[in-house]
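Read the structure below first, then the notes.
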Amino acid sequence: MNSETKRRTLEDWPQQQLRGHKLEGSRYNSKEFFAQEWEHMWTKVWLLLGREEEMPNRGDWQREDVGPESFIMVRQEDASIRAYYNVCQHRGARLVNEPKGHVNRFVCPYHAWAWTIEGDLNFAQDSEDFPENPCGKLTLEEVRCESFAGFVWINMDPDCVPLKEFLGPVWEDWEGYGIEKWKRYFARTTTVPFNWKVIMDNFNESYHVPTVHRATGTAAEKARFLPGIDTDYKNTRFDLSDEGHNRMIMRGGHGGAGLESDGSIGEPLATDMRDWDLNPDEFTKRGEETREAIQEAKRRIGPERGYDHYANMADEQLTDALHYTLFPNFAVSVWSDGFHFLRARPHPSDPEQCIFDNWWYASQPEGETAPVRTNANVVERDAVVEHEVYEKGELDMGVTIEQDLAIMPGQQAGFASRAYKGAYLAGQESRLSRYHELIDDYIEGRRPLPKK
Ligand code: FES
Ligand SMILES: [Fe+2]
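Numbered per UniProt numbering, the sequence shown spans residues 1 to 452.
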């Protein structure tokens, strides 16, 4: 079949020579290191900030903060998006304080200077009282801004490489899904009491999975946590890109990982199978055959159900857990129909806190009406899910992520102990090393630069 021969495959990424890293505790709690990261890394790297669909019309804007800085992204007349520091050039007031909105001009709340969405000052009160009229002279400070997968990224460094170059092979891997058309079904943000790298380290390894996500209770309850995912590192593909991004592929849709004691297929893999017209009972004691059966069913039935994106995807992308960590602060599990977005933003001033975001997007097959199962809940397909920012205890992030978060304050405390001598890493934790080496590269002045 023609479509078979053209089918996308996921190539291995190049081998990386790791230098080895001690991961000293001071990296997570010292103000000096925190300041170096800010100065040399955060201000020089592409950062995922916004979502295109939240700014559909000219003048729609979205605000997002990273560390001590705040940014405004705003839709332009020509449909592009530009991004500015959220700072008035009169005397430094924040131009906007709400998370999003719509303007014709940004009018500063302090002395009413008005800035066009193109970033030009076009009104200053008592303009004749200035040595020179600031209108037409001053502009908002702009940052580089590009979009990919429906997300808006910014870079504070005017000399940065283009986003596509920065993302390297991730760009190609994600193109097939059509993520730019996917819709948000879960969006929560909270401040947590540990360094941002504690979160990224955690999502850079699955070594913790059998312990932290160890399921208790019945077999059905156990299967809830990592249903049908083969988490054994020996069966997992690990890739480290030249650009510093990591990929891990664990086989999913895999009955061997969630079999009941009698060899039958457990939940929710069994439900996933029924969703694709497969009878799990026929796979009792044949759990290892479920993955391919689901892939085949999705290829066969997907198009008629509106799942057009399957045609652009590799077999692994139909069933497996593809987990990416994009340097520096963005971890994503991409499923055939779900994009689980985890981001850790640095705190404005405290190395021992960070801002944690947990969002879920789902594909939008035409005609599909079934509710969406996110990492944390089940949501009606036509629901409009607003971004919720909460204080500890008011809401939660879903069972699995809460299990991760529960470990972290203790680890942050351990970093401050006189007894902690640095990490002792397993091979499957190489992605941590790589990440920390990249941070050091930036701090020591080795960062990607545009080709001359
Ligand atoms: S600080 Fe913005 S108008 Fe004065
Ligand atoms: Fe985890």
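Even for Gly, the Cβ is constructed at its ideal location relative to N, Cα and C.
Would you kindly work out how many angstroms separate the C-alpha atoms of residue i and residue j, rounded to a whole number?
i: PRO268; j: ASP281; result: 13 Å
i: THR43; j: ILE265; result: 49 Å
i: PRO162; j: GLU69; result: 22 Å
i: GLU4; j: GLU296; result: Any reading at GLU4 is ruled out, since the residue's pLDDT is 49, under 50, leaving its predicted position unreliable.
i: HIS21; j: ASP12; result: 24 Å
i: ARG345; j: GLY67; result: 7 Å
i: ALA220; j: SER261; result: Only weak support is given to the placement of ALA220: the predicted model assigns it a pLDDT of 48, under 50, and the question is left unresolved by the model.
i: GLY279; j: LYS298; result: First, the residue type needs correcting, since residue 279 is Asn and not Gly in the sequence shown. C-alpha separation (whole angstroms): 14 Å.
i: HIS309; j: TYR420; result: 48 Å
i: VAL74; j: GLU388; result: 21 Å
i: PRO14; j: ASP242; result: 7 Å
i: TRP359; j: GLN353; result: 20 Å
i: MET397; j: ALA35; result: 29 Å
i: GLU386; j: GLY59; result: 20 Å
i: GLU394; j: VAL192; result: 13 Å
i: HIS213; j: ARG105; result: 49 Å
i: ARG7; j: ASN122; result: 53 Å
i: GLY306; j: ASN312; result: 13 Å
i: ILE154; j: ASN133; result: 31 Å
i: residue 454; j: LEU438; result: Nothing can be reported for residue 454, as the shown portion of the chain is limited to 1 through 452.
i: GLN62; j: GLY287; result: 47 Å
i: LEU318; j: LEU95; result: 44 Å
i: LEU140; j: GLU98; result: 18 Å
i: TRP115; j: VAL107; result: 6 Å
According to DSSP, is residue i part of a helix, a strand, or is it coil?
i: ARG345; result: strand
i: PHE327; result: coil
i: GLN364; result: coil
i: LEU259; result: strand
i: TRP38; result: helix
i: TYR420; result: coil
i: HIS309; result: helix
i: LYS31; result: helix
i: ASN202; result: helix
i: MET250; result: strand
i: ARG51; result: strand
i: VAL334; result: strand
i: TYR177; result: coil
i: PHE194; result: coil
When every heavy atom of ligand 1 is checked, does at least one fall within less than 7 Å of the C-beta of residue i?
i: TRP113; result: yes
i: TYR110; result: yes
i: ALA79; result: no
i: ARG63; result: no
i: ARG91; result: yes
i: CYS88; result: yes
On the premise that residue j lies in contact with residue i, defined as a C-beta separation below 8 Å, what is that separation, rounded to the nearest angstrom?
i: ILE81; j: CYS160; result: At roughly 17 Å, the Cβ-Cβ gap does not stay under 8 Å, so ILE81 and CYS160 are not in contact.
i: SER247; j: TYR177; result: Residue identity differs from the one stated: residue 247 is Arg in this sequence, not Ser. Going by Cβ atoms, the distance from ARG247 to TYR177 rounds to 14 Å, so no, they are not a contact pair.
i: GLN16; j: ARG434; result: 6 Å
i: ALA416; j: GLY25; result: 6 Å
i: MET408; j: PHE194; result: 5 Å
i: SER333; j: ALA314; result: With 8 Å as the limit, SER333 and ALA314 do not qualify as a contact, their Cβ atoms being about 16 Å apart.
i: LYS164; j: TRP171; result: 5 Å
i: TYR110; j: CYS88; result: 7 Å
i: THR374; j: TYR185; result: 5 Å
So is the beta-carbon of residue i under 7 Å away from any non-hydrogen atom of ligand 2?
i: THR139; result: no
i: HIS340; result: no
i: ASN358; result: no
i: ASN246; result: no
i: HIS208; result: yes
i: THR400; result: yes
i: ASP230; result: no
i: ASN204; result: no
i: VAL332; result: no
i: ASP396; result: no
i: VAL389; result: no
Looking at the C-beta of residue i, does it have a partner C-beta in chain B at a distance below 8 Å?
i: PRO210; result: Protein chains in the displayed structure number just one, and chain B is not present.
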